[in-house]
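Numbering (my numbering), first residue to last: 67 to 298.
So this is what it looks like as structure tokens:
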């Protein structure tokens, strides 16, 4: 852990979710596998041999056609279901049912082993928020009990590193942004974005990668047990 500028008068902690509180790739892979199985069981017209390809093609097309909602992963995925349903003559309103099913699978996460201990440590000492560009909602998880606020790019209308995301956390918590410490794994979206918005920041570097930006190295931790040490 590197010694960096002193963390000052912290009143709240905001956390990124994906790859900060859990490893995301296996979560998404499992969710996609389960939703494909569900589609094949519910909609007989779909071809199991081409479903993977159709799944990806529809998602790519929807992203290209709807750049104005690039921050809303849930709606992009729902619209990809619309395309797939249209192709085989199904009622496109069924896309709402499919996206709810997908989101159920998407919330089947496995927390990193250091997460709950850290959240328990913070309880009663700091306000706690989650701030994500993804479509996981921490309030749907058991650890939601530790959080005062959940914010996503879907709700705010922009993605990190846009400072509007970080300032919305400040407004929601009713705490000045300079008193908020943001913890995340992405050097640009989380660390640089938070600092440029006036927050304090910590880079959680679980893979122990070198700091990739030209800016001064931030506070760095390997896991959330080191956050406990920093704040103790």
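For glycine and all other residues, C-beta sits at the position ideal for the given N, C-alpha and C.
Under 7 Å between C-beta atoms of residue i and residue j
{"i": "residue 151", "j": "residue 140", "result": "no"}
{"i": "residue 175", "j": "residue 249", "result": "no"}
{"i": "residue 239", "j": "residue 224", "result": "no"}
{"i": "residue 80", "j": "residue 267", "result": "no"}
{"i": "residue 125", "j": "residue 114", "result": "no"}
{"i": "residue 137", "j": "residue 236", "result": "no"}
{"i": "residue 86", "j": "residue 270", "result": "yes"}
{"i": "residue 180", "j": "residue 289", "result": "yes"}
{"i": "residue 147", "j": "residue 164", "result": "yes"}
{"i": "residue 217", "j": "residue 243", "result": "no"}
{"i": "residue 76", "j": "residue 296", "result": "no"}
Nearest-angstrom Cα separation, counted from residue j out to residue i
{"i": "residue 142", "j": "residue 88", "result": "23 Å"}
{"i": "residue 261", "j": "residue 281", "result": "11 Å"}
{"i": "residue 130", "j": "residue 123", "result": "11 Å"}
{"i": "residue 82", "j": "residue 251", "result": "7 Å"}
{"i": "residue 96", "j": "residue 171", "result": "8 Å"}
{"i": "residue 253", "j": "residue 167", "result": "32 Å"}
{"i": "residue 154", "j": "residue 293", "result": "51 Å"}
{"i": "residue 145", "j": "residue 84", "result": "23 Å"}
{"i": "residue 213", "j": "residue 111", "result": "43 Å"}
{"i": "residue 120", "j": "residue 161", "result": "15 Å"}
{"i": "residue 67", "j": "residue 185", "result": "With a pLDDT of 42 at residue 67, under the threshold of 50, the modelled position of that residue is not reliable, and no figure is offered here."}
{"i": "residue 101", "j": "residue 91", "result": "16 Å"}
{"i": "residue 301", "j": "residue 229", "result": "Residue 301 is absent from the model: the chain starts at 67 and stops at 298."}
{"i": "residue 273", "j": "residue 156", "result": "44 Å"}
{"i": "residue 108", "j": "residue 116", "result": "16 Å"}
{"i": "residue 69", "j": "residue 257", "result": "With a pLDDT of only 47 at residue 69, under 50, the local geometry of the prediction cannot be trusted, and no value is derived from it."}
{"i": "residue 134", "j": "residue 286", "result": "34 Å"}
{"i": "residue 222", "j": "residue 234", "result": "8 Å"}
{"i": "residue 211", "j": "residue 173", "result": "15 Å"}
{"i": "residue 98", "j": "residue 177", "result": "19 Å"}
{"i": "residue 278", "j": "residue 73", "result": "22 Å"}
{"i": "residue 204", "j": "residue 169", "result": "12 Å"}
{"i": "residue 132", "j": "residue 276", "result": "35 Å"}
{"i": "residue 103", "j": "residue 149", "result": "18 Å"}
Integer Cβ distance of residue i from residue j, believed to fall under 8 Å
{"i": "residue 199", "j": "residue 255", "result": "6 Å"}
{"i": "residue 245", "j": "residue 78", "result": "7 Å"}
{"i": "residue 188", "j": "residue 231", "result": "With a Cβ gap of about 21 Å, residue 188 and residue 231 do not count as contacting."}
{"i": "residue 227", "j": "residue 259", "result": "3 Å"}
{"i": "residue 183", "j": "residue 291", "result": "7 Å"}
{"i": "residue 241", "j": "residue 193", "result": "6 Å"}
Residues bridged to residue i [DSSP beta-bridge criterion]
{"i": "residue 249", "result": "81, 268"}
{"i": "residue 285", "result": "268"}
{"i": "residue 216", "result": "196"}
{"i": "residue 88", "result": "84, 177"}
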